[in-house]
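Residue numbers (my numbering): 321 to 615.
For glycine and all other residues, C-beta sits at the position ideal for the given N, C-alpha and C.
Note that the structure is predicted; figures quoted are calculated from it, not measured.
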């Protein structure tokens with residue numbers, strides 16, 4: 321083997337030893353969390369990140385082992401056995417990690433559904449904008465004090481998302497699944513909240529416009545009850561004490577005797593028990609006594 325190849329071979333062997341150490345470290349990490357009954361959102365996110373990093377390690381190891389086998393063809397059988405051993409460890413660890421992610425994700429989702437009745441009431445666009453402004457202001461102040469706020473995205477997103485109502489939280493889950501990368505940034509979360517506030521504002525404005533565009537209902541009026549005023553259609557004539565029955569156009573005196581309609585003075589008498597008003601008219605009528613012919 322040429323000197324240059326020997327040097328390169330030595331470097332590759334060193335990298336493979338480092339890869340073995342990372343495999344062992346990830347395996348120990350999986351053993352430690354497998355004894356837990358549940359993981360919170362931060363721990364679950366950490367597991368997903370380490371799994372993604374470990375999957376990238378498996379790709380690098382494959383390239384590394386291929387180059388080693390090319391540089392050392394004399395020991396190809398030994399190198400193949402080494403590949404099989406390490407690939408087996410990698411596959412087992414990846415399968416274990418994915419199984420843990422699935423199990424703990426179901427537990428987190430179950431707890432989230434069981435506590436859905438404790439969600440805050442539906443927020444408005446003002447509350448969402450205030451939330452973004454309040455967090456941004458405080459993070460800016462902490463950054464000025466030298467705090468590593470750029471490392472807190474996962475923690476802050478978890479704290480803020482717990483304050484969202486069920487509808488907005490569902491929209492955030494959909495948005496997060498559509499983002500590139502495994503973990504969203506605080507900037508992406510803030511943009512989602514601002515966009516959500518704009519949507520809520522537009523919906524409230526449209527709802528208000530629709531309510532204002534409806535024509536007003538006309539006032540209800542009650543029709544006068546003529547039956548109360550003219551139940552018998554009979555009016556009292558005060559001067560000659562006669563009663564006029566308008567239902568059959570006949571006139572009676574106080575003794576209910578039929579009287580000639582020409583010898584009566586008719587004055588409409590309004591029912592005092594009725595709240596309806598009747599317009600009265602006055603007429604001058606010449607009346608004569610049929611017996612004495614006096615007027």
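Since residue 328 and residue 391 should fall inside the 8 Å C-beta cutoff, what is the C-beta to C-beta distance between them, to a whole number of angstroms? 6 Å
Could you tell me the distance, in whole angstroms, from the CA atom of residue 394 to the CA atom of residue 382? 19 Å
Helix, strand or coil at residue 447 according to DSSP, with G and I counted as helix: helix
Buried or exposed: residue 417, going by 16 or more other Cβ atoms within 10 Å of its Cβ? buried
Residue 616, DSSP secondary structure in three states: The question about residue 616 has no answer here: the residues shown for the chain are numbered 321 through 615.
Among the residues of its own chain, which have a CB less than 7 Å from the CB of residue 499, if the five just before and after it don't count? 508
Measuring only the C-alpha atoms, how far is residue 343 from residue 398? 20 Å
Measuring only the C-alpha atoms, how far is residue 493 from residue 504? 11 Å
Once you ignore the five residues that flank residue 359 on each side, which residues in its own chain have a CB closer than 6 Å to its CB? 424
For residue 467, three-class secondary structure by DSSP: coil
Exposed or buried, what is residue 386 when buried is set at 16 or more other beta-carbons lying within 10 Å of its beta-carbon? exposed
In angstroms with no decimal places, state the Cα-to-Cα distance between residue 521 and residue 506. 23 Å
Can you check which of these residues, 524, 482 and 477, is closest to residue 511 by C-alpha distance? 477
According to DSSP, simplified to helix, strand and coil, what is residue 505? coil
Return the first residue and the last residue of the alpha helix (DSSP H) that residue 472 is part of. From DSSP, residue 472 is part of no alpha helix (DSSP H); its letter is neither H nor E.
Check this for me: beta carbons of residue 420 and residue 354, under 9 Å apart or not? yes
Applying the 10 Å Cβ sphere with the 16-neighbour rule, what's the burial state of residue 388? buried
Taking the alpha-carbon positions, what's the residue 370 to residue 486 distance? 29 Å
Looking at C-alpha atoms only, which residue of 413, 473, 451 and 502 is the closest neighbour of residue 347? 413
Residue closest to residue 472, alpha-carbon to alpha-carbon, out of 323, 325 and 362: 362
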